[in-house]
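Data first, discussion second: the structure below is written as structure tokens.
Number of protein chains: 2
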Amino acid sequence: MTAEAEHPPIAIVGAGLIGTAWAALFAHHGFPVRLWDPQAAAMDRAAAALPRLSAQLSAIAAGQGGPQDVVHCATLAEAVAGAALIQESAPEDVPLKHALLAEIEATMAPEAIIASSTSALTWSDLGPGLAEPARLITAHPFNPPHLVPLVELYGTDPVRMDRAEAIYRMVGRVPVRLRKDATGHIANRLASALWREAVYMVQEGIADVEAIDTALANGPGLRWSVLGAHMAYHLGGGPQGMAGYLDHLGPSQERRWASLGTPALTPEVRAALIDGVAREAGGRSIAELEQDRDAALIALLRARKADG
Amino acid sequence: MTAEAEHPPIAIVGAGLIGTAWAALFAHHGFPVRLWDPQAAAMDRAAAALPRLSAQLSAIAAGQGGPQDVVHCATLAEAVAGAALIQESAPEDVPLKHALLAEIEATMAPEAIIASSTSALTWSDLGPGLAEPARLITAHPFNPPHLVPLVELYGTDPVRMDRAEAIYRMVGRVPVRLRKDATGHIANRLASALWREAVYMVQEGIADVEAIDTALANGPGLRWSVLGAHMAYHLGGGPQGMAGYLDHLGPSQERRWASLGTPALTPEVRAALIDGVAREAGGRSIAELEQDRDAALIALLRARKADG
């Protein structure tokens, strides 16, 4: 295999936070990257951000064959021409995405993959924008996408799904496949379910925002970073594992589920959430909080590599 | 302050998995530990397990003034006499705990703290077992308790709550206080809410057990280990933080909440869960899975220490 076959060109369409992170990631791992955004200001912000993202990736591990330069393209056609995978990271607007997907489809190599980073929309929402919907997959990263390994995949063409999965693995991602198209994919459904109960506890005065976040990060969140929720109950079930858990504690879980809350984002709850995160932030700006988050993620990802 | 005032004796009542982990933790950090269980077999298993738990703790960091020996006591009175904190980790049975708490109260120093490790029960369930319920707090650890830092506290005596919190901080725990007594405390309510949606996705065929666990551990779980759920939405709200998030995405979160599922643990769902974790385990026994979990947690805890 030639180097080009191993690292085919990648087009990044949309140079917001998500697109820029994808560009840094593919370039770090030796892929030629072609970036395009209709807004010059977005292209400028991406150019300014890329060195920092690249340095963060280098702090975790060197990329094979990278870092490559990110080529800033003047037109969509220039970015898409010859790309094996086109990572679409445009705003979450169906008509806008439909128009963009049609434009991509008109110039792409017929066998290429269009991978949408969409978070709020689904494959079924976007497919009608293409003449051949099988060319589209959804490939949803988790923010910040260059650091968090998860990519959630859904598509209908098994050949493209396999090729996309192989490419994402080459850039250190952990791809996960949905069996059915679903709003929120997997991760945001889990996050939404957890946050609903977190907001309920704030609403009911059971615990304040900071206590809940601290409990999560030092308890279940920490454990879920090494062990999924199903597996955690398997280990909580004694020698019979999940079967033992369901026999002994399944009924109490069903009772617990019935006792979980359904909060409403009333003015009082909104105020409690806004005041609570302000206290938790302790004067740190959003940018400083992001820096702290990234530094902690990089330390964990380095530890994972060392742990093998 | 004398060494004894800094490290007062700790009684561990109940030598199951939880009690043994507490014993290892307090001893590692220099506290004199007195362990008692009515069953000789439990005491033998604890003695066999303690060196391994102690070695795991040493792999994270040396404990100040530790490790101390764990004194195995022949009677409850011997364990409790002179203890500043009595960590009760008996089976989750109200009449059994009431009887045990009464027996502890009869021999404890009047100003000491009884801290129940209870997971399924609440302070309100246990308080009636004591002549002076203010002596009791709930102090719920998250499994495995010697590795996961969270301890969830609830009690009615602010002096005892402060003293307990100080002691738990001395052994590297992150104490979090509930404002109201609640079944499941904070962490298990969050875990239960998340698992409900995870089981729903299995039930509906959206994703299989292994995909959900992989997504969690490489996406939201990883991020929640460094950043709580509220704070994650604060960072997802743009320059206005949580206020911006609630303005722009609050309504879509409420719609998402309404779309989350309520699964039932039917025979079909049970079979899917049991088969799914078996595939995910890939032949690894419960003991091997626990070893893998512990090794990964130790690597992350070392990384946290290095990250500061």
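Protein chains in written order, with numbering that gives the first Met the number 0: chain G, 0 to 307; chain C, 0 to 307.
We put the beta carbon where it would ideally sit given N, CA and C, even for glycine.
In the structure shown, G:PRO8 adopts coil according to DSSP, grouped into three states. Of the other Cβ atoms in all chains shown, 16 or more fall within 10 Å of the Cβ of G:ARG134; this residue is therefore buried.
A contact between stretches requires three or more CB pairs, one per stretch, nearer than 8 Å, and the segment 225-244 of chain G meets this requirement with the segment 263-276 of chain C. Rounded to the nearest whole angstrom, the CA to CA distance from G:ARG159 to C:LEU149 is 43 Å. Within the same chain, Cβ atoms closer than 8 Å to the Cβ of G:GLU164 are found at LEU152, PRO174 and ARG176, the five residues on either side in sequence being excluded. In terms of Cβ geometry, G:ARG188 and C:GLU196 form a close pair [threshold 8 Å]. Taking C:GLU77 as the centre and dropping the five residues before and after it, the same chain places the C-beta of ARG33 and TRP35 closer than 8 Å to its C-beta, in chain order. By the 16-neighbour rule on beta-carbons within 10 angstroms, C:GLN38 is exposed. Around the CB of C:ARG51, fewer than 16 other CB atoms lie within 10 Å, so the residue is classed as exposed. Contact of G:GLN252 with chain C by beta-carbon distance below 9 Å involves SER191, TRP194, ARG195, VAL198 and LEU264. For the pair C:ARG222 and G:LEU296, the Cα-to-Cα distance works out to about 7 Å. Burial check for C:ARG303: the Cβ neighbour count within 10 Å reaches 16 or more, so the residue is buried. In the three-state scheme derived from DSSP, where H, G and I count as helix and E and B as strand, G:LEU149 is classed as strand. With contacts defined as CB atoms closer than 8 Å, C:THR19 and C:LEU56 fail to qualify as a contacting pair. Judged by DSSP in its simplified three-state form, G:HIS97 adopts helix. Beta-bridge analysis with DSSP links C:TRP35 to C:VAL12. For G:GLN63, the number of other beta carbons within 10 angstroms of its own is below 16, and it is reported as exposed. A distance of 8 Å or more separates the beta carbons of C:LEU272 and G:LEU193.
If you check each beta-carbon in the segment 179-190 of chain C against every beta-carbon of chain G, the ones closer than 7 Å belong to LYS179, ALA181, THR182, GLY183, ILE185, ALA186, ARG188, LEU189 and ALA190.
Listed along chain G, no residue sits closer than 7 Å to C:GLU267 by beta-carbon distance, the nearest being about 12 Å off. Per DSSP, the beta bridge partners of C:PRO140 are C:VAL150. Of the other Cβ atoms in all chains shown, 16 or more fall within 10 Å of the Cβ of G:ASP207; this residue is therefore buried.
Separation of the CB atoms of C:ILE103 and C:LEU75 is rounded to 7 Å, and the pair is thereby assigned contact status at 8 Å. The Cβ of C:ASP36 sits no closer than 8 Å to any Cβ of chain G. The beta carbon of C:ASP124 does not come within 8 Å of any beta carbon belonging to chain G, so the residue lies off that interface.
Judged by pairs of C-beta atoms under 8 Å, the segment 248-267 of chain C does not touch the segment 277-293 of chain G, as fewer than three such pairs exist.
Distance from the CA atom of G:ALA58 to the CA atom of G:ALA298, rounded to whole angstroms, is 9 Å. Residue burial annotation: C:LEU100 is buried, with at least 16 other C-beta atoms found within 10 angstroms of its C-beta.
DSSP places G:HIS71 within a strand segment (E or B) once states are collapsed to three. Neighbours of G:ILE59 in chain C, taken as residues at a C-beta separation under 8 Å, are lacking, since the least C-beta distance is about 12 Å. Considering only beta carbons, the part of the segment 140-151 of chain G lying closer than 8 Å to chain C consists of PHE141, ASN142, VAL147, PRO148, LEU149 and GLU151, in chain order. Close partners of G:TRP223 in chain C (Cβ separation under 7 Å): LEU215, ALA216, GLY220 and TRP223. Within chain C, the residues THR182 have their CB atoms less than 7 Å from the CB of G:SER258, given in chain order.
Within chain C, the residues ILE285 have their CB atoms less than 8 Å from the CB of G:PRO238, given in chain order. Distance from the CA of C:SER224 to the CA of C:TRP256, rounded to the nearest whole angstrom, comes to 23 Å. In summary, G:GLN86 is buried, with 16 or more beta-carbon neighbours lying within 10 Å of its beta-carbon over all protein chains present.
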